[in-house]
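Engineer: Quick one: this structure, given as structure tokens, is what I'll be asking you about.
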Amino acid sequence: MTTVILNPAAGRGLAGRRRRIIEAELRKHNLEYELFTTHARGGATELAIQAINRGNTRIIAVGGDGTINEVVNGILQAGKRVPVTLGIVPLGTGSDFIKSFPSFKQNDIVGAVQRIVANQTRSIDVGRIRVRAGRLTLTRYFINGLGMGLDAAVAVESLKIPLLRGFAVYLIASLRALATYRPGPMTVRFDGRQISRQLFFASVGNGRCQGGGFWITPDAQLDDGLLDLCMVDTMPISRALRKIPLLMRGVHTNEPEVMMTRARRIEVTCSTPIPVATDGEVIATAAQRVDVEVLPAAVNLLV
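Residue numbers for the sequence shown follow my numbering, so the first one is -9 and each next one is one higher.
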């Protein structure tokens, strides 16, 4: 049995409006499925856990990066030894994760169902993050990327822009975050190395694209057992604005303010608490310590 988990709010309501089309396409291929819709944050995680506990081993996430993230968290939290396959129908606002796959197209329901029917899988890595914010410690998983600092502040600002969709949301949110975010010193440790400096952000990429169209880690590979790390020094806003087009094209990696590396484990501590976002979803607004590690080949993805 295939379990389809649909977030009707994804893509500013696009996923909900496309439900009938999705179901018609599934029935056309005689796929046996059950479909559930989410109604609150974290709902896709709970639905995935419940499906796996019922013995279902193929979960389809219908929505954007946030929906995929919740389903991945459900798959890994369920902790079953039986392999679970993840499928994606990309109907989100940013849908950054699918940009690491040339064959995946935004809002392409027909192509997504064809991948489900073909049942070809690829094992990909997942990141695990442990965040300490005050007395609270939480553990989450991410499949695409993790933002700490300014890029997470962009995710915070994007929540305040309800009327727009797609890249415009993230571009406006980026400009707002640049104007208001005040970076502090960070200490970043990665695979035995350490740097301490004032950073705009430290971004971890399993996939290549984050933030609604910014190719922050353009050389990242989803199955290399490593996480790509991009650290950007603070700079005047006027100079930062000139860097935005470089990030949009993924040609920033040799800029003097940018440091790129790869690691299996990353630890970030900061005296000034920072916002943190996983797969575009804000999970903390005042984190003091973040520990990250890669889980190689943790998810089987329908490709």
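Each residue gets a CB set at the ideal place from its N, CA and C atoms; glycine is no exception.
All figures in this text were calculated on a predicted structure; none of them were measured in a lab.
1. Gln311: buried (16+ other C-beta within 10 angstroms of its C-beta) or exposed?
2. Look at the Cβ atom of Gly202, then the Cβ atom of Val272, and state whether they are nearer than 8 Å.
3. Rounded to whole angstroms, what's the CA-CA distance from Thr207 to Ser261? Just pull it up for me.
4. Looking at the secondary structure, which residues open and close the alpha helix (DSSP H) in which Asn196 lies?
5. Mapping the DSSP letters down to three states, classify Asp98 as helix, strand or coil.
6. Run through the DSSP bridge pairs and tell me what Val284 is partnered with.
7. Between Gly137 and the rest of its own chain, which residues show a CB-CB distance below 6 Å, the 5 nearest in sequence each way excluded?
8. Kindly indicate which residue of Thr(-7), Val284, Asn290 and Pro265 has the alpha-carbon position closest to the one of Glu147.
9. Can you tell me which of Gly270, Arg198 and Thr251 puts its alpha carbon nearest to the alpha carbon of Leu237?
10. Beta-carbon within less than 7 Å of Val222's beta-carbon, same chain only, minus the 5 sequence neighbours each way: which residues are those?
11. Given that a residue counts as buried once 16 or more other Cβ atoms are within 10 Å of its Cβ, and exposed if not, what is Glu24?
12. Terminal residues of the continuous beta strand (DSSP E) containing Tyr160?
13. Taking 6 Å as the limit between beta carbons, can you name the residues of its chain near Pro0, skipping five residues before and five after?
14. Would you give the residue range spanned by the alpha helix (DSSP H) that Asp141 belongs to?
15. Quick check on DSSP: helix, strand or coil for Ser85?
16. Check each candidate in Phe204, Phe132 and Gly69 and name the one with the smallest Cα separation from Arg239.
17. Per DSSP, Val52 is paired with what?
18. For Met(-9), count the other beta carbons within 10 Å of its own beta carbon; 16 or more makes it buried, fewer makes it exposed. Which is it?
19. Following the continuous beta strand (DSSP E) through Met249, name the residue where it begins and the one where it ends.
20. Can you tell me which of Ala163, Asp141, Phe94 and Gly139 puts its alpha carbon nearest to the alpha carbon of Lys150?
21. Among the residues of its own chain, which have a CB less than 6 Å from the CB of Cys220, if the five just before and after it don't count?
22. Determine contact between the region 32 to 39 and the region 96 to 115, defined as no fewer than three beta-carbon pairs at a distance below 8 Å.
23. Applying the criterion that 16 or more other CB atoms from any shown protein chain within 10 Å of the CB defines a buried residue, is Ala274 buried or exposed?
24. Can you tell me which of Asn(-3), Gly139 and Leu212 puts its alpha carbon nearest to the alpha carbon of Val178?
25. In chain order, what residues of the same chain lie with their CB nearer than 6 Å to the CB of Ser186, ignoring the 5 residues before and after it?
26. Can you list, in chain order, the residues of its chain with a C-beta nearer than 6 Å to that of Gly317? Leave out the 5 residues immediately preceding and following it.
27. Mind listing, in chain order, the continuous beta strand (DSSP E) runs of no fewer than 3 residues lying wholly within the region 199 to 283?
28. Under 8 Å between the Cβ atoms of Val116 and Leu161?
29. Helix or strand or just coil, what does DSSP make of Ile151?
30. Any beta carbon of chain D sitting closer than 8 Å to that of Phe180?
Structural biologist: Judging by the given coordinates:
1. Nothing can be reported for residue 311: it is not among the residues displayed for the chain, which extend from -9 to 293.
2. no
3. 26 Å
4. Where Asn196 is concerned, there is no enclosing alpha helix (DSSP H), given that its DSSP letter is neither H nor E.
5. coil
6. Gly117
7. Ser193 and Ala267
8. Pro265
9. Arg198
10. Leu189, Phe190, Phe191, Glu247 and Val248
11. exposed
12. Where Tyr160 is concerned, there is no enclosing beta strand (DSSP E), although the alpha helix (DSSP H) it sits in stretches over Phe157 to Thr170.
13. Note that residue 0 corresponds to Ala in the displayed sequence, not to Pro. Here the set comprises Gly53, Gly54, Thr57, Leu81 and Gly82.
14. Leu140 to Ser148
15. coil
16. Phe204
17. Leu(-4) and Val79
18. exposed
19. Val248 to Ala253
20. Ala163
21. Ser193, Ile206, Thr207 and Met250
22. no
23. buried
24. Gly139
25. Thr177
26. Past the boundaries of the shown model lies residue 317; the chain is included only from -9 to 293, so the question cannot be answered.
27. 217 to 223, 248 to 253 and 255 to 268
28. no
29. coil
30. Annotation note: the requested chain D is absent from the structure, which comprises a single protein chain.
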